Amino acid sequence: MIQPAAQKYRCPKCHFTKVHQPKSDAFTLEDVLIVCPKCGAQMETTNELTFFEKLKLSFSRS
């Protein structure tokens, strides 16, 4: 199984970010409707990870 790319969620209101590495390519409702835990706004999705986020993910997979 090929693991999908990590998703980065960013709140447009308070700029809170969260990186999520899905374990499979099957999406759930939680993956689509992500709400910011700080302000409650709808978070935006991007695949653009910083170098340090990619590095952290590579060590957490081991």
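In this note's numbering, the protein residues as written are 5 to 66.
Glycine included, each C-beta is placed from N, C-alpha and C at the ideal position.
The structure presented is a predicted model; accordingly, all values stated were derived computationally and were not measured.
Simplified DSSP state of residue i, which is helix, strand or coil
i	result
Lys-27	coil
Cys-58	One point to set straight first is that residue 58 is Lys, not Cys, in the sequence displayed. Here Lys-58 sits in helix by DSSP.
Opening and closing residue of the beta strand (DSSP E) in which residue i lies
i	result
Lys-12	11 to 14
Glu-48	48 to 50
Beta-carbon gap between residue i and residue j smaller than 7 angstroms
i	j	result
Gln-25	Leu-59	no
Pro-8	Glu-48	no
Length of the line joining the Cα atoms of residue i and residue j
i	j	result
Thr-54	Ala-45	23 angstroms
Cys-40	His-19	9 angstroms
Arg-14	Glu-57	13 angstroms
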